[in-house]
Each structure stands twice: as C-alpha cells, then as structure tokens.
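Its first residue numbered 0, the sequence shown is counted upward by one per residue in our numbering. All C-beta atoms, glycine included, are put in the ideal place defined by N, C-alpha and C. On a predicted model such as this, the values are computed, not experimentally measured, just so you know. Written below as structure tokens is the structure these notes are about.
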Amino acid sequence: MANEKVIQAKQDAVNVVAAKLQNSITTVVADYRGLNVAQVTELRKQLREAGVEFQVLKNTLLRRATAAAELTELDEILTGPTAIAFSTTDVVAPAKILNDFAKKNDALKLKGGVVEGKVIDADQIKALAELPSRDGLLSMLLSVLQAPMRNFALAVKAVAEKEEQSA
C-alpha cells in the first residue's frame with residue numbers, strides 16, 4: 000500500500016516536470032556544483048524576480064519527464080548535479096540571468112536547454128543570453144518605426160521656416 004503511494008507520488012512528480020517542460024517557452028539546464036548556499040539563494044532571488052521557476056531535480060526524474068515530454072535529446076546533458084530553470088513568459092530571461100551569474104561565479108556551468116520546443120546546447124544558450132530583453136527589442140523596433148515620421152516632421156518644419164524667412 001505504501002509502495003503504491005510512493006510510486007504514484009513519483010509518477011505525479013514526473014508528470015509535473017513533463018508539463019513544465021512542455022509549457023515553458025525557455026528551459027535552461029545548469030550544473031550548480033560548487034555554489035554555496037548564499038550564491039544559490041541569490042540566484043533563486045534573481046530568477047524569481049524575473050518570473051522564472053528554478054529547481055534542483057534528480058536526473059532520473061528528469062529523464063522520465065523528458066521521455067514523457069518527447070525531449071529525450073536533453074538526456075545526454077543530464078549528468079551530475081542538475082538545476083533547471085523554467086520560464087513561461089520571457090524567452091531570454093532565464094538564459095540571461097543564468098549566463099550573467101555564471102560569468103560572476105565560475106562554479107555555475109550552463110549545460111543546454113529547450114527554447115520553444117527545440118533542444119539547444121550551452122553555446123546557443125549563451126548566444127540567446129546576449130540578445131536584448133523583450134522590452135529592449137520593442138524599444139528598438141519603436142525607435143525604427145518612429146524615425147521616418149520624425150524625419151518627415153523635421154523636413155516639414157524646415158520647409159515652413161524657409162517659407163517664413165522668404166516671406
């Protein structure tokens with residue numbers, strides 16, 4: 000009886016992690032070996048503020064979850080101590096936060112992850128982390144869209160001033 004409860008609890012945990020893998024926009028897998036409690040607490044705080052869920056999970060549980068989520072390509076990086084960050088709102092946030100933290104703390108190593116259902120390696124995670132945030136990209140787009148209107152307004156103003164001077 001107790002054994003059935005334990006098995007069911009483990010199966011439920013696998014299902015929860017598999018759902019997170021399927022529902023997250025970005026998932027980043029990292030090796031946290033060598034980080035002390037204060038460093039892990041700081042990392043968790045930064046991720047929580049960005050709306051990213053961070054968990055330390057057993058590799059066997061993760062392998063079963065990747066099989067359920069049909070992401071078995073991740074299995075090859077699931078070695079050693081594994082921490083995983085799930086984001087359902089921002090594609091860049093978990094990669095950026097973990098990459099910046101890894102630059103300051105050599106103990107944290109990025110292993111790889113999943114972006115919009117596609118498994119990527121550590122180098123691609125780092126490249127993603129170098130992208131501007133969503134807000135930064137939107138402001139760049141807005142500035143590009145405003146430039147022609149601003150230039151047109153300046154040209155009209157210059158024509159109007161020239162007409163005033165000649166009149």
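Residues of its chain near residue i, where Cβ-Cβ distance is below 6 Å and the 5 sequence neighbours each way are ignored
{"i": "Ala92", "result": "Ala49, Val51 and Ser86"}
Residues that residue i bridges to, as DSSP identifies them
{"i": "Lys228", "result": "Residue 228 falls outside the range modelled here, since the chain spans only 0 to 166, and no answer is possible."}
{"i": "Ile83", "result": "Val28 and Gln54"}
{"i": "Lys117", "result": "Val114"}
Backbone CA spacing between residue i and residue j [nearest angstrom]
{"i": "Val55", "j": "Ala29", "result": "9 Å"}
{"i": "Thr25", "j": "Lys4", "result": "32 Å"}
{"i": "Asn14", "j": "Asp120", "result": "24 Å"}
{"i": "Asn150", "j": "Thr40", "result": "49 Å"}
{"i": "Ala82", "j": "Leu141", "result": "37 Å"}
{"i": "Ser165", "j": "Val90", "result": "56 Å"}
Residue i and residue j closer than 8 Å at C-beta
{"i": "Ala173", "j": "Ala68", "result": "Lying outside 0 to 166, the shown extent of the chain, residue 173 is not represented and no answer is given."}
{"i": "Asp113", "j": "Leu20", "result": "With the sequence shown as reference, residue 113 is identified as Val, and Asp is not the correct amino acid for it. Result yes, Cβ atoms of Val113 and Leu20 sit closer than 8 Å."}
{"i": "Val143", "j": "Leu73", "result": "no"}
Proximal residues to residue i (C-beta, below 8 Å), its chain only, five neighbours per side dropped
{"i": "Asp99", "result": "Ala128"}
Contact set for residue i: own chain, Cβ-Cβ below 7 Å, skip 5 residues either direction
{"i": "Ile76", "result": "Val28, Lys110 and Gly111"}
Per the contact definition of three or more C-beta pairs closer than 8 Å, is the segment 123-133 in contact with the segment 71-86? no
Within the chosen definition, does the segment 56-64 reach the segment 95-107 through at least 3 CB pairs nearer than 8 Å? no
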